[in-house]
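The numbering of the sequence shown is our numbering, which starts it at -8 and goes up by one. By construction, the Cβ of each residue, glycine as well, lies at the ideal position given by its N, Cα and C atoms. Before any comments, here is the structure.
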Amino acid sequence: MKIISQGRYQPIKSITSLLPGPLVTLALLLITTLPLELRANESTCPNSPLSPGKHDGSTIYDGRERSYNLVVPSAKKSPLPLVINMHGYTSSADDLESISGMSSLANAEGFVVAYPNSDLQSWNGGDCCGEAAAEGTDDIGYLKILVRHIKERVCIDSNRIYLAGYSNGGFMAYRAACQAPGFFAAVGSVAGVLGIEKRECQPTIATPMIHIHGTWDRVVRWDGGASSAGVFKPVEDGFNHLLTVNQCRPESEPYYERGNTMCLAYPGCGGIAEKKQVLCTVYRGLHCWPGSLGCNASINASAALWDFFKNYELD
């Protein structure tokens, strides 16, 4: 269901003035008891939103404090889109902000970007990684709390919230597409694969997704198998599983091609022609963020993610 904008919410009040007393009471009761996610997204905007620039933040989840970096653009339009960008195993929000260059893109394009710090320097992406996976940390639950906390500080468009991740963070993007359908308008994985069992990935709503991966990645191998970080599924195994459960068309179409990078799109996901899954193959590409210094890829991951994300909003 599409989020009701404030502009369309206001006329309800004028209609009630024309109704008999009992019907007014019933109408107001129905409005105020709507689930929070079905009310006007502007109603969650803070009275004093954060000014443009970089801010620190933290929230408590499962009894543990987690911090995040937040970049608010100098955009005049509001509410704003939000991209959450998740770092890799043993890394940090600062690291990903530095290598991805997404903050400068956010300022140029007018979206908010958040870089959360994981608990125990790892995310529970299933097969990956570290203590978070071993302890079964509920990082999907944390992401939902994080979004709520950010919306208390910045005016965010609930229909345009996106999730991206690198390596271990990319595993989380897959997990969100599987287990939080309808929450994110689109997701993107850079060098991360499906880490949960296929029986645990049966979404009822197709989430548009873009996946960027190098064929010479020795940490999360294209063909799967063991590495220094663990034993992981092949890239195409998880990608094709989501193609199937999301009922995307099996025939691909060209999406992007330059140098050593080729992206193919699979449209029609969830029965909607415009909904796509995109797989970008970086031939001889290593385990790195494309566009960062020393990463041998003919694509800029941050730009590719945003170019994909901005085409989608929740229905």
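- From this set, N60, G54, V138, D129, which residue's C-alpha is nearest N108's C-alpha? N60
- In the DSSP assignment, find the alpha helix (DSSP H) that holds S218 and state where it starts and stops. Here S218 belongs to no alpha helix (DSSP H); instead the beta strand (DSSP E) covers 216 to 218.
- Could you give the residue range of the alpha helix (DSSP H) that holds H232? 226 to 236
- Task: Assess, as a yes-or-no matter, whether the stretch 221 to 230 is touched by the stretch 185 to 194 under the definition of 3 or more beta carbon pairs within less than 8 Å.
- Result: yes
- Message: Check this for me: beta carbons of I201 and V269, under 8 Å apart or not?
- Response: yes
- Decide if K267 is buried, meaning its Cβ has at least 16 other Cβ atoms within 10 Å, or exposed. buried
- Task: Give the straight-line distance between the Cα atoms of S283 and C239, rounded to the nearest whole angstrom.
- Result: 31 Å
- Leaving aside the five residues before and after S94 along the sequence, list all residues of the same chain whose C-beta is less than 8 Å from its C-beta, in chain order. K45, V62, E88, V104
- Task: Give the single residue among A124, R212, V181, L154 whose Cα lies nearest to the Cα of V172.
- Result: For the record, residue 172 in the displayed sequence is Pro; it is not Val. When only C-alpha atoms are compared, the closest one is L154.
- Task: Mark W207 as exposed unless 16 or more other C-beta atoms lie within 10 angstroms of its C-beta, in which case mark it buried.
- Result: exposed
- Message: Suppose you measure from the CA of A256 to the CA of Y303; what does that come to, to the nearest Å?
- Response: 15 Å
- Evaluate R57 with the Cβ neighbour count: other Cβ atoms within 10 Å of its Cβ, from every protein chain shown; 16 or more gives buried, anything less gives exposed. buried
- Who does P107 pair with in a DSSP beta bridge? Y59
- Task: Determine the direct distance from the alpha carbon of L41 to that of Q(-3), and round the result to whole angstroms.
- Result: Any answer about Q(-3) is weak, because its pLDDT of 31 lies below 50 and its placement is not dependable; what the coordinates show is given next. Going by the C-alpha atoms only, they are around 21 Å apart.
- Tell me, please, which residues DSSP counts as bridged to S49. S58
- Query: Using a Cβ-Cβ cut-off of 7 Å (strictly less than) and excluding sequence neighbours within five positions of I141, which residues of its own chain qualify?
  - Reply: L61, L73, A105, I147
- With a cut-off of 8 Å on the beta carbons, I'd call P64 and G92 a contact; round off their distance for me. Actually they do not touch by this definition, with Cβ atoms about 14 Å apart.
- Rounded to whole angstroms, what's the CA-CA distance from P258 to D110? Just pull it up for me. 36 Å
- Query: Can you list, in chain order, the residues of its chain whose CB lies under 7 Å from that of T128, leaving out five sequence neighbours each side?
  - Reply: D110, N115
- Message: Here's the rule I'm using: 16 or more other beta-carbon atoms within 10 Å means buried, otherwise exposed. How should G179 be labelled?
- Response: buried
- Message: Please give the ranges of any alpha helix (DSSP H) in the stretch 117 to 156, keeping only runs that are unbroken, at least 4 residues long and fully inside the region.
- Response: 121 to 126, 130 to 142
- Query: Excluding five sequence neighbours on each side, which residues of the same chain lie with their C-beta closer than 7 Å to the C-beta of C96?
  - Reply: According to the sequence shown, residue 96 is Leu rather than Cys. S293, A294, W297, listed in sequence order.
- For my contact list, N98 and L305 are in at a C-beta cut-off of 8 Å; report their separation, rounded to the angstrom. With a Cβ gap of about 24 Å, N98 and L305 do not count as contacting.
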